[in-house]
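Participant: A single structure is presented below for examination.
Numbering (our numbering), first residue to last: 1 to 259.
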C-alpha cells in the first residue's frame with residue numbers, strides 16, 4: 001500500500017528545494033543558454049525537485065514567521081545562484097583568452113553579440129567558448145554539474161546554509177589567478193608567433209624603409225593568427241580538460257564554503 005501524506009509544512013519544504021534548483025539552473029552553464037526554452041527549464045527544475053524531495057524526505061524547518069520563511073527562501077536562492085555561477089564563470093576563461101588573442105592579431109574591433117552574456121565579444125573568444133562548451137558536453141560535464149547541485153543537499157541541508165564569506169572570497173581570488181594562468185597558456189602560441197613576426201617586421205623596416213610596414217604588418221598578423229589558430233586546434237581537448245577541472249574545483253570549494 002502506498003501512503004502519501006501532504007501538509008503545508010511538506011509543501012514549504014518542497015518549495016525551498018525548488019528554489020535552490022531553479023536558481024541553479026538559471027545561473028549554471030549549459031542549462032542557462034538562451035536557446036533552451038523556458039518551459040524546458042521550468043519542467044526540469046520541477047522534475048529534479050520532485051525526485052530530490054522523494055530522496056531527501058522531510059525534515060522540520062526552523063522559522064517562526066513569514067519573514068523567517070522569506071529569509072530561508074533568499075538563502076536557498078543565493079545558494080543555488082552561487083553553485084551555478086561558480087561553474088558558469090569558468091567558461092569566461094576562454095573568452096578572456098580569445099579577447100587577448102584578437103587584440104594581438106588585430107581582430108579586436110570585429111565583435112559579435114553573445115546572447116548568453118548580453119554583450120559584444122570578440123570573434124575568437126566566441127568561437128573558443130562554443131567549441132569548449134561542446135567538448136564539455138561530449139565529456140558529460142552537464143550531468144556532473146547537475147549531480148553536484150543535487151549532492152549539495154547532503155552537505156548543505158534545506159534551510160541550513162551558513163555563508164562563510166572569507167572562504168568564498170578566497171575561492172574567487174583563486175579563480176582569478178587560475179583564469180590568468182589558463183588564459184595566458186592558451187594565448188602563449190599566438191604571443192610567440194606574433195612576437196617573432198614583430199621582430200621580422202622591425203628588421204624589414206630598417207632594411208627597406210621605403211616599405212610601409214604598418215600596412216603590411218596588419219594583414220600579416222591576421223594571416224599568422226589564423227594559421228596559429230588552425231595549427232593549435234588539436235589543443236582544444238586539453239583546454240576543455242583544464243576548464244573541466246576548474247569547474248569541478250570551483251563547485252566543490254563553493255559548496256564547502258556554505259556549510
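Ideal placement from N, C-alpha and C gives every residue a C-beta, glycine not left out.
Report the rounded CA-to-CA distance for residue 204 versus residue 190, giving the unit in angstroms.
Facilitator: Cα to Cα, the separation comes out at about 21 Å.
Participant: How long is the line joining the alpha carbons of residue 69 and residue 105, rounded to whole angstroms?
Facilitator: The alpha-carbon atoms of residue 69 and residue 105 are separated by roughly 54 Å.
Participant: If residue 129 and residue 155 are in contact, beta carbons under 8 Å, what's the gap, nearest whole angstrom?
Facilitator: Actually they do not touch by this definition, with Cβ atoms about 30 Å apart.
Participant: How do the stretch 38 to 58 and the stretch 211 to 230 stand: do at least 3 beta-carbon pairs fall below 8 Å, yes or no?
Facilitator: No: the two stretches stay apart, fewer than three of their Cβ pairs being nearer than 8 Å.
Participant: May I ask you to verify whether the stretch 110 to 120 touches the stretch 56 to 65, counting CB pairs closer than 8 Å and requiring at least 3?
Facilitator: The stretch 110 to 120, when compared against the stretch 56 to 65, does not touch it at the 8 Å Cβ threshold.
Participant: If contact is defined by three or more beta carbon pairs under 8 Å, each pair taking one atom from either stretch, is the stretch 231 to 238 in contact with the stretch 83 to 92?
Facilitator: Output reads no: the stretch 231 to 238 does not touch the stretch 83 to 92.
Participant: Out of 124, 147 and 253, state which residue places its alpha-carbon closest to the alpha-carbon of residue 174.
Facilitator: Ranking the options by Cα distance to residue 174, first place goes to 253.
Participant: DSSP state of residue 158, grouped into three classes?
Facilitator: Here residue 158 sits in coil by DSSP.
Participant: Give me the residue from 16, 179, 101 and 114 with the minimum Cα distance to residue 72.
Facilitator: Ranking 16, 179, 101 and 114 by Cα distance to residue 72 puts 16 first.
Participant: By Cβ distance below 7 Å, which residues in the same chain neighbour residue 135 in space, the five residues on each side in sequence not counted?
Facilitator: Correct list, in chain order: 236, 237 and 240.
Participant: Report the partner residues of residue 111 according to the DSSP bridge assignment.
Facilitator: For residue 111, which the question treats as bridged, DSSP gives the partners 122.
Participant: Whose CA, out of 161, 222, 231 and 243, lies closest to the CA of residue 256?
Facilitator: The shortest Cα separation from residue 256 among 161, 222, 231 and 243 belongs to 161.
Participant: Less than 8 Å between the CB atoms is what I'm expecting for residue 122 and residue 107, so what's the real figure, rounded?
Facilitator: Residue 122 to residue 107, Cβ: 7 Å. Contact.
Participant: What is the DSSP secondary structure of residue 258, reduced to helix, strand or coil?
Facilitator: Three-state DSSP puts residue 258 in coil, outside helix and strand.
Participant: With a cut-off of 8 Å on the beta carbons, I'd call residue 197 and residue 221 a contact; round off their distance for me.
Facilitator: Confirmed, Cβ separation roughly 6 Å.
Participant: Starting from residue 90, trace the alpha helix (DSSP H) in both directions and tell me its first and last residue.
Facilitator: That residue, residue 90, is in no alpha helix (DSSP H); it is neither H nor E in DSSP.
Participant: Have a look at residue 152 and residue 114 and give me their C-alpha separation to the nearest angstrom.
Facilitator: If you take the alpha carbons of residue 152 and residue 114, they lie about 30 Å apart.
Participant: Could you check the C-alpha separation between residue 149 and residue 248 for me, to the nearest Å?
Facilitator: If I take the Cα positions, the gap works out to 12 Å.
Participant: Nearest-angstrom Cα distance between residue 224 and residue 184?
Facilitator: When rounded, the distance between both Cα atoms is 18 Å.
Participant: What's the C-alpha gap between residue 1 and residue 90?
Facilitator: Residue placement at residue 1 cannot be trusted, given a pLDDT of 42 that sits under 50; what the coordinates show is reported in the next sentence. C-alpha separation (whole angstroms): 48 Å.
Participant: Which value, in whole angstroms, describes the spacing of the CA atoms of residue 245 and residue 28?
Facilitator: When rounded, the distance between both Cα atoms is 16 Å.
Participant: Between the Cα of residue 53 and those of 31, 19 and 67, spot the shortest distance and give me the residue it belongs to.
Facilitator: Taking only the C-alpha atoms, the option nearest residue 53 is 19.
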